[in-house]
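Report on the following structure.
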Amino acid sequence: MESLLSLIIIIAFIITFSYLGPFSDSNSRNLQQASISQTQNDIPINQITPPAPKPKQPVVLIDTRITSGPEEGEIIEETNKVVFEFEAQIYSGQIKGKMLFETKIEGFNEDWKKTSSKKRIVTLPSGPKEYTFLVRGKINDFVDPTPAKITFKINLSPYFKKVRIATIKTETFSSPSLITLSTNLKKEEEINIS
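So in UniProt numbering, spot 175 of the sequence shown is number 175, and the numbers just go up one at a time.
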């Protein structure tokens, strides 16, 4: 009888163990939650769905060129007024908008000046000095990363156009030659002609 009772207890224990598992119901849930979170963290990287790609910015190439103005290294001696003409070509069919330009002259103004014109006229200070003119095309938020540039020199006297010959009298029997000068100076300016 004892063996029959022992057999019934063992069978009841096996049925209960196979139905409920080794732990109680609350312990079973904790184990399942722990194994789920552990499984989520242990997913191999190649099986994780990547985020949606961000829209790509179009590739935009802008080529800016100076079409008219002083030559590279030119020395300008007759004027301090310089005219530059330029253009830009865009290599992308996807961009719509108006081509603008930004210019600056190193040695004169260091900030970029925006313009929609393809021409810039600059009156530089007289006196010998070297300048570099830079221009870059710009459309929407895209700017030519390699501006076109020309370096040139103004070798103009600071008194250019401030003194001129008003009259010339040639020598005669009764008077020597005479050259009359007129000036275009400000009150505080002086010129020593020797």
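Glycine residues also receive a C-beta, built at the ideal position from the N, C-alpha and C atoms.
Member of the options whose CA lies at the smallest distance from the CA of residue i
| i | options | result |
| --- | --- | --- |
| GLU152 | ALA88, LYS96, LYS129 | In the sequence on display, residue 152 carries Phe and not Glu. PHE152 has its Cα closest to that of LYS129, out of ALA88, LYS96, LYS129. |
| GLU78 | PHE173, LYS187, ASN155 | ASN155 |
| THR132 | GLU2, ILE10, GLY69 | GLY69 |
| ARG136 | ALA12, MET99, GLU2, ILE76 | MET99 |
| GLY127 | ILE10, SER6, ILE76 | ILE76 |
| GLU106 | SER92, ILE90, LEU124, LYS96 | LEU124 |
| TYR91 | GLU190, THR64, ALA12 | THR64 |
For residue i, the residue or residues it bridges with in DSSP
| i | result |
| --- | --- |
| GLY131 | Note that residue 131 is Tyr in the sequence shown here, rather than Gly. Per DSSP, PHE152. |
| GLU102 | LYS114, ARG136 |
| GLN89 | ASP63 |
| ILE121 | VAL83 |
| PHE108 | Looking at the DSSP assignment, PHE108 forms no beta bridge with any residue, so it has no partner. |
| ILE14 | Answer by DSSP bridge pairing: none, since ILE14 is not bridged. |
| ILE75 | LYS153 |
| SER3 | Bridge partners of SER3: none, in fact. |
Exposure label - residue i; buried when at least 16 CB within 10 Å
| i | result |
| --- | --- |
| SER37 | Per-residue confidence for SER37 stands at a pLDDT of 48, beneath the threshold of 50, marking its modelled position as unreliable; no derived number is given. |
| PRO147 | buried |
| GLY73 | exposed |
| ILE62 | buried |
| ASP144 | buried |
| LEU31 | The predicted model places LEU31 with a pLDDT of 48, which falls under 50 and marks its position as unreliable; any figure quoted below should be read in that light. So LEU31 ends up on the exposed side. |
| SER35 | Per-residue confidence for SER35 stands at a pLDDT of 49, beneath the threshold of 50, marking its modelled position as unreliable; the derived number appears in the next sentence. It is exposed - the Cβ of SER35 has fewer than 16 other Cβ atoms within 10 Å. |
| SER24 | Below a pLDDT of 50, predicted positions are generally treated as unreliable, and SER24, at 49, falls in that range; the measurement from the model is reported next regardless. Exposed. |
| ILE8 | exposed |
| ILE10 | exposed |
| ILE14 | exposed |
Test item: CB-CB of residue i and residue j under 8 Å
| i | j | result |
| --- | --- | --- |
| LEU134 | THR103 | yes |
| PHE142 | VAL83 | no |
| LYS81 | ILE121 | yes |
| LYS118 | PHE86 | yes |
Anticipated Cβ contact below 8 Å, residue i with residue j, distance rounded
| i | j | result |
| --- | --- | --- |
| ALA88 | PHE101 | 7 Å |
| ILE168 | ILE179 | 5 Å |
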